[in-house]
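Undergrad:
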Amino acid sequence: APGEESANQAVEAISGDALSALDEQFPQEMSAMRDEIELVRGAGSEFELDEFLAGRQSPVFFGSGINNFGVREILRALVDWAPPPQPRDAGTREVDPKEPGFSGFVFKIQANMDPRHRDRIAFMRVCSGRYDPGIKVMHRRLGREIKIQNALTFMANERSLMEVAYAGDIIGLHNHGNLQIGDTLLEANEALGFTGIPYFAPELFSRARLRDPLKSKQLLKGLQQLGEEGAVQVFEPFVDTTPLLGAVGQLQFEVVEHRLRTEYSVEATFERAGIDSARWVTCEDDRVMRDFQNAQQMRLARDVDGNLVYLADSGVNLRLTMERWPKVRFHATREHGRRIDG
132 APGEESANQA
142 VEAISGDALS
152 ALDEQFPQEM
162 SAMRDEIELV
172 RGAGSEFELD
182 EFLAGRQSPV
192 FFGSGINNFG
202 VREILRALVD
212 WAPPPQPRDA
222 GTREVDPKEP
232 GFSGFVFKIQ
242 ANMDPRHRDR
252 IAFMRVCSGR
262 YDPGIKVMHR
272 RLGREIKIQN
282 ALTFMANERS
292 LMEVAYAGDI
302 IGLHNHGNLQ
312 IGDTLLEANE
322 ALGFTGIPYF
332 APELFSRARL
342 RDPLKSKQLL
352 KGLQQLGEEG
362 AVQVFEPFVD
372 TTPLLGAVGQ
382 LQFEVVEHRL
392 RTEYSVEATF
402 ERAGIDSARW
412 VTCEDDRVMR
422 DFQNAQQMRL
432 ARDVDGNLVY
442 LADSGVNLRL
452 TMERWPKVRF
462 HATREHGRRI
472 DG
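Each residue of the sequence shown is one higher than the one before, starting from 132 at the first, in the numbering used here.
See below:
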């Protein structure tokens, strides 16, 4: 059967005299093993499936992939313990995985998975119904029908066409710029939008500077695609054409710099910008919002989804601005792939 093709590894339980013999033959190793077992028992607790399914407990497996030790056990546990697809919040209602109509959402985008073709793959989780090649679905953000063909499934570096997929499956879709993280696709023309993919306000900010000014087009393309992936947040300031990047950790800038160089042939450096924090802003009063934009134009930008963002140079500046504009709401998080309302 699949997953069973491996060397026959007999398991022998050792106790009594045999265990004492091991103590004499491998004293240091056995002492270390006992210490580790005692540590695990002291730090852990008895496994309870209900606690695991409720998200309050995580089992830990010990093994070695290179030695193929413990791999079968963790795979069997995944089959036995993993919960089935759950109902998902779609804004106006919950979508049950047993519903016949197809629905799903994009949760990841990866560019250049095949460097020879510079492709982009959007990974979608099927939430209900069934995928078949050629299925027509409504793209909620764009408000139009699209046809899904040649969906992919991946195993390590290999990819193959997906013939059928059900709720809980992950499929890869060729993306030519129409799909973003958070996009909802469904057969029914219903006002649904899956939630639960948050975008957090960045804490570090940098500006990208080209070493070769003639490659500005490649830089913008690279930043756009990496921004769509969520590798970094890209903002367009109102008064500066230099791309502004936001991240929650320094490593994100290093990853973007490396990928720009290796995938887009762009040599760029990142300079720290004089920005302390960013907040998405909304207001129910159109007149107040216009006044706010006119007064704060030097500190405003747009994100990849067109949301208005306030860029504060200090915590004091953000606090004072919030006090001066009480009708304007400042958001530290938002949902991926959609505009903030109100």
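In this text, a Cβ means the ideal position worked out from N, Cα and C, and glycines have one as well.
What is the rounded straight-line gap between the Cα of Met286 and the Cα of Ala144?
TA: 35 Å
Undergrad: For Gly134, count neighbouring Cβ atoms within 10 angstroms of its own Cβ and tell me buried if that reaches 16, exposed if not.
TA: A caution first: Gly134 carries a pLDDT of 49, below 50, which makes its placement in the model too unreliable to give a value.
Undergrad: Leaving aside the five residues before and after Phe183 along the sequence, list all residues of the same chain whose C-beta is less than 8 Å from its C-beta, in chain order.
TA: Ser189, Pro190, Trp212
Undergrad: Can you tell me where the beta strand (DSSP E) with Thr400 in it begins and where it stops?
TA: 399-403
Undergrad: Would you give the residue range spanned by the beta strand (DSSP E) that Ala409 belongs to?
TA: Its beta strand (DSSP E) spans residues 408-413.
Undergrad: Under a Cβ-count criterion, where at least 16 other Cβ atoms within 10 Å of its own Cβ denotes burial, should Ile312 be classed as buried or exposed?
TA: Burial call: buried.
Undergrad: Determine which residues share a DSSP beta bridge with Tyr441 and list them.
TA: Arg410, Leu431
Undergrad: Could you tell me how far apart the beta carbons of Leu323 and Gly235 are, in whole angstroms, since I believe they sit closer than 8 Å?
TA: Not quite, the Cβ-Cβ distance comes to about 11 Å (not below 8 Å), so this is no contact.
Undergrad: Shortest alpha-carbon distance to Ala253 belongs to which of Gly361, Phe401, Glu388?
TA: The shortest Cα separation from Ala253 among Gly361, Phe401, Glu388 belongs to Gly361.
Undergrad: Kindly say whether Pro228, judged by its beta-carbon, lies nearer than 9 Å to any beta-carbon of chain D.
TA: Here there is only one protein chain, and chain D is not present.
Undergrad: Are there 16 or more other CB atoms within 10 angstroms of the CB of Ala432, so buried, or fewer, so exposed?
TA: Of the other Cβ atoms in all chains shown, 16 or more fall within 10 Å of the Cβ of Ala432; this residue is therefore buried.
Undergrad: Just to confirm my understanding: we take Phe369, look at its own chain, exclude 5 residues before and 5 after, and list those with CB closer than 6 Å. What are they?
TA: Gln428, Leu431
Undergrad: When the Cα atoms are used, what is the spatial distance from Pro214 to Lys346?
TA: 49 Å
Undergrad: How far does the alpha helix (DSSP H) with Glu360 in it extend, from its first residue to its last?
TA: First-last of the alpha helix (DSSP H) with Glu360: 347-360.
Undergrad: Report buried or exposed for Thr452, applying the criterion of at least 16 other Cβ atoms within 10 angstroms of its Cβ.
TA: buried
Undergrad: Could you give the residue range of the beta strand (DSSP E) that holds His305?
TA: 301-305
Undergrad: Can you list, in chain order, the residues of its chain with a C-beta nearer than 6 Å to that of Pro216? Leave out the 5 residues immediately preceding and following it.
TA: Pro228, Ala298, Gly299
Undergrad: Rounded to whole angstroms, what is the Cα-Cα separation between Asn281 and Ile266?
TA: Taking the straight line from one Cα to the other gives about 10 Å.
Undergrad: Per the contact definition of three or more C-beta pairs closer than 8 Å, is the stretch 185-204 in contact with the stretch 431-450?
TA: no
Undergrad: Would you list the one or two residues that DSSP bridges to Asp220?
TA: Bridge pairing for Asp220: Glu225 [DSSP].
Undergrad: Comparing the CB of Arg271 with every heavy atom of the ligand ZN, is any distance shorter than 8 Å?
TA: Ligands in the displayed structure: none, and consequently the ligand ZN is not present.
Undergrad: Here's the rule I'm using: 16 or more other beta-carbon atoms within 10 Å means buried, otherwise exposed. How should Val447 be labelled?
TA: exposed
Undergrad: For Gln364, name the three-state secondary structure that DSSP assigns.
TA: strand
Undergrad: In chain order, what residues of the same chain have a beta carbon less than 8 Å from the beta carbon of Arg410, not counting five sequence neighbours either side?
TA: Cβ within range, chain order: Ala332, Val440, Tyr441, Ala443, Leu449, Phe461, His462, Ala463.
Undergrad: Report yes if the CB atom of Val397 is closer than 9 Å to the CB atom of Val363, and no otherwise.
TA: no
Undergrad: Report yes if the CB atom of Glu276 is closer than 9 Å to the CB atom of Ser337, and no otherwise.
TA: no
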